[in-house]
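Structure first, commentary second.
Residue numbers (the working numbering): 2 to 336.
Structure, rendered in structure tokens:
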């Protein structure tokens with residue numbers, strides 16, 4: 002760490018640390034080269050955003066999964082979700098169906114943005130998402146992807162007295178990443194390459210100079226006038242986009258405070274018609290969802306990390322309100 006700090010990161014990409022990383026990687030079967038590290042760049046990018054419940058929700062663009070949250074929220078608006086209590090059958094069923102549609106498109110179309118065949122703008126097209134929302138019925142479905150017309154994670158949120166807010170997330174993936182530690186450095190190599198597909202026909206197929214699909218997505222919300230409202234995130238791998246949607250629906254549409262939204266029971270879409278819910282879900286709603294064709298698995302104990310870990314800071318007229326998830330370690334701290 003001292004060497005990285007002293008060289009402002011240069012040693013990691015071109016210096017002695019880079020040489021140690023590549024030597025150890027090559028000795029263990031990797032084809033990574035010094036040139037791979039030396040030519041690595043970080044891009045400054047614009048977020049993707051959609052209006053929702055009087056605010057504007059922002060997510061990072063692909064190669065991450067935040068676009069699924071935005072697509073889901075847009076479909077919720079099209080479906081008129083918000084007229085019934087947040088945990089009622091009339092709300093939970095269409096929300097599950099909209100999220101399944103968004104995840105189907107995510108799995109099919111999202112990869113490194115430079116390699117996507119369908120642009121993000123098309124996936125977030127209001128006309129396209131209205132069409133997708135029209136597929137939602139009063140019964141559970143196992144949807145396929147659509148075809149738009151051309152045209153181990155740590156999260157933190159911080160805010161200061163001037164109103165500046167930061168949403169930050171980092172992950173080596175799967176605990177200690179690849180499990181490969183460079184001798185003498187303490188550096189554990191990340192494992193994000195596991196996010197690639199091995200299907201040569203898939204847009205996310207592994208290739209040189211290509212970023213894999215990944216799950217880490219820091220979120221942000223702006224007021225309609227462009228001022229910052231909220232920085233938020235939810236750790237939990239593929240649960241993240243689903244968790245973002247649930248948090249935003251509760252806070253923005255149903256006006257729950259951040260802690261109440263973090264405490265509330267969650268659902269998690271899996272495969273086919275299978276949906277996992279926490280034990281705290283109303284059993285009558287669970288029974289009604291099953292009657293609509295959902296294959297519901299009530300997981301115990303309630304509050305397991307598989308349902309994500311949210312951290313939220315919301316700006317108000319009088320200061321800040323924070324929420325931290327009871328499902329994992331976390332804290333709201335002010336100084």
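Here a beta-carbon is modelled for each residue, glycine too, at the ideal position from N, C-alpha and C.
Because the structure is a prediction, the values reported are computed rather than measured.
| Asked | Found |
| --- | --- |
| Whether residue 214 touches residue 66 by CB criterion (9 Å) | yes |
| Assigned secondary structure, residue 224 (DSSP; H/G/I helix, E/B strand, else coil) | strand |
| Between the CA atoms of residue 264 and residue 328 - distance to the nearest angstrom | 8 Å |
| Any 3 or more C-beta pairs closer than 8 Å across the stretch 111-119 and the stretch 153-168 | no |
| Check whether residue 38 and residue 53 have beta carbons under 9 Å apart | no |
| Nearest-angstrom Cα separation, counted from residue 271 out to residue 72 | 18 Å |
| Supposed contact pair residue 222 and residue 58 - C-beta distance, whole angstroms, cut 8 Å | 5 Å |
| Assigned exposure category for residue 278 - 16 Cβ within 10 Å defines buried | buried |
| Residue 37, DSSP secondary structure in three states | helix |
| Residue span of the beta strand (DSSP E) that contains residue 315, given as start and end | 310-317 |
| Cβ contact (3+ pairs, closer than 8 Å) linking the stretch 183-191 and the stretch 243-261 | no |
| Local Cβ density within 10 Å of residue 85, reported as buried at 16 or more and exposed below that | exposed |
| Under the three-state DSSP convention, the category residue 333 falls into | coil |
| Bridge partner(s) assigned by DSSP for residue 59 | 50 and 221 |
| Residue 244 versus residue 237 - alpha carbon distance | 9 Å |
| Whether residue 1 touches residue 75 by CB criterion (9 Å) | With the chain covering only 2 through 336, there is no way to say anything about residue 1. |
| Exposure of residue 319, with buried meaning 16 or more beta-carbon neighbours within 10 Å | exposed |
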